[in-house]
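Residue numbers (our numbering): 9 to 340.
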């Protein structure tokens with residue numbers, strides 16, 4: 009078996025592993041609010057999230073194409089297959105570290121930072137497609153701000169509409185609605201997060217001469233969708249506890265508002281082919297809803313820890329990827 013084929017196989021395995029880890033790392037994005045309000049049992053919530061993640065992953069490929077071509081040029085990238093493998097190693101490592109400590113960091117930031125770091129290590133800063141790379145960074149930065157603002161406004165409208173409603177009956181009604189909003193959230197998660205591994209595999213196929221198109225092949229889409237769904241079925245309880253209870257005390261009406269806000273922002277980005285952090289979006293949605301509900305009810309210390317993690321993920325994952333590239337380059 010030649011070296012190119014070995015690296016390609018390793019990249020495919022690594023990308024599917026990344027998708028699997030992404031699934032259990034980011035399960036909280038879809039089900040934390042519904043579990044915390046007891047709208048769904050953890051088991052039912054995870055099964056629902058796994059199924060809808062798979063469906064979402066099979067719906068779009070725009071984000072995958074963006075990952076394939078907008079960070080670096082896979083057709084000309086120096087030592088491209090090793091760059092991609094190094095990026096996967098770094099992203100997986102950072103995901104596992106943050107999962108272990110229960111920190112809802114961004115898998116999107118991790119893989120994008122890792123690709124950039126490994127590419128720079130291989131060919132210098134000129135390897136980056138700055139227009140495409142900056143578009144992705146803007147999307148990552150602006151989407152949480154948009155989610156916070158929409159969540160704040162949306163919940164404020166909900167309060168106005170239901171200001172004279174019976175609290176107990178309203179909560180019971182919203183708890184039933186949460187089943188649907190959790191499904192919508194899981195679906196949107198699949199439309200964006202599962203796409204990143206598809207883009208990685210396609211980059212490797214191009215770099216190693218197995219395809220000359222940025223179109224996502226069906227076997228790539230199906231395998232990544234399955235990996236994401238299986239990963240989601242495992243669950244990520246540490247992060248579920250953080251997102252579901254350590255930001256604010258979530259009631260069903262809060263959960264519905266946050267789910268609809270987060271899912272809408274994520275799905276909108278997927279339609280536009282923009283990769284965003286589902287972790288950032290849903291967390292910011294909860295923060296926006298919480299701030300609209302009662303400013304003092306939000307545990308801003310937890311939010312501060314999350315925000316710090318968000319900002320350090322890109323440079324740390326890029327550094328790990330660069331070091332991984334230098335080690336792999338000695339091997340291959």
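Quick reminder that beta carbons are idealized off the backbone N, C-alpha and C, glycines included. Quick caveat, the model's predicted, so the values are computed rather than measured.
When the options are compared against residue i, the one with the closest alpha-carbon
i	options	result
residue 122	133, 132, 97	97
residue 189	166, 291, 42, 173	42
residue 240	200, 325, 62	62
residue 38	325, 94, 333, 287	287
residue 274	127, 104, 169, 116	116
residue 13	237, 300, 89	89
residue 225	87, 237, 120, 208	208
residue 266	109, 166, 71	166
residue 300	231, 10, 327, 164	164
residue 22	316, 81, 103, 67	103
residue 113	326, 316, 335, 327	316
residue 177	260, 285, 52, 72	260
residue 279	229, 92, 203	203
residue 28	227, 234, 70, 326	234
residue 8	277, 92, 294	In the structure as shown, the chain begins at 9 and stops at 340. Residue 8 is therefore absent and cannot be evaluated.
residue 51	67, 143, 187	187
residue 144	221, 58, 70, 294	70
residue 327	276, 109, 101	101
residue 206	285, 109, 68, 295	68
Where residue i falls, given that 16 or more other Cβ within 10 Å makes a residue buried
i	result
residue 252	Low local confidence applies: a pLDDT of 47 at residue 252 is under 50, so the model's placement there is unreliable, with the coordinate-based value given in what follows. When all chains shown are included, residue 252 counts as buried.
residue 180	exposed
residue 132	exposed
residue 173	exposed
residue 153	exposed
residue 333	buried
residue 169	exposed
residue 11	exposed
residue 171	exposed
residue 158	buried
residue 282	buried
residue 335	exposed
residue 319	exposed
residue 221	exposed
Span of the alpha helix (DSSP H), counted from its first residue to its last, around residue i
i	result
residue 147	138 to 169
residue 217	Neither: residue 217 is in no alpha helix (DSSP H) and is coded neither H nor E.
residue 295	286 to 301
residue 229	226 to 242
residue 274	260 to 280
residue 13	11 to 33
residue 125	115 to 131
Length of the line joining the Cα atoms of residue i and residue j
i	j	result
residue 308	residue 212	41 Å
residue 306	residue 139	37 Å
residue 290	residue 60	16 Å
residue 302	residue 263	15 Å
residue 185	residue 271	14 Å
residue 195	residue 65	8 Å
residue 26	residue 17	14 Å
residue 24	residue 160	36 Å
residue 56	residue 49	11 Å
residue 312	residue 216	42 Å
residue 124	residue 297	34 Å
residue 323	residue 99	12 Å
residue 137	residue 236	28 Å
residue 20	residue 111	27 Å
residue 106	residue 330	19 Å
residue 30	residue 201	8 Å
residue 134	residue 156	35 Å
residue 147	residue 292	14 Å
residue 232	residue 183	32 Å
residue 128	residue 192	38 Å
residue 87	residue 340	10 Å
residue 223	residue 72	9 Å
residue 15	residue 83	16 Å
residue 53	residue 198	15 Å
residue 258	residue 337	49 Å
residue 149	residue 119	15 Å
residue 325	residue 151	20 Å
residue 46	residue 321	32 Å
residue 7	residue 78	Outside the displayed span of the chain (9 to 340) sits residue 7, for which this structure offers no information.
residue 276	residue 33	22 Å
Test: residue i CB closer than 7 Å to a CB of chain D
i	result
residue 337	Among the chains in the structure shown there is no chain D, since it carries only a single protein chain.
| said: So within the segment 60 to 95, which uninterrupted alpha helix (DSSP H) runs reach at least 4 residues, ignoring any that extend past its ends? | reply: If we require 4 residues or more, the alpha helix (DSSP H) runs fully inside the segment 60 to 95 come out as 70 to 77.
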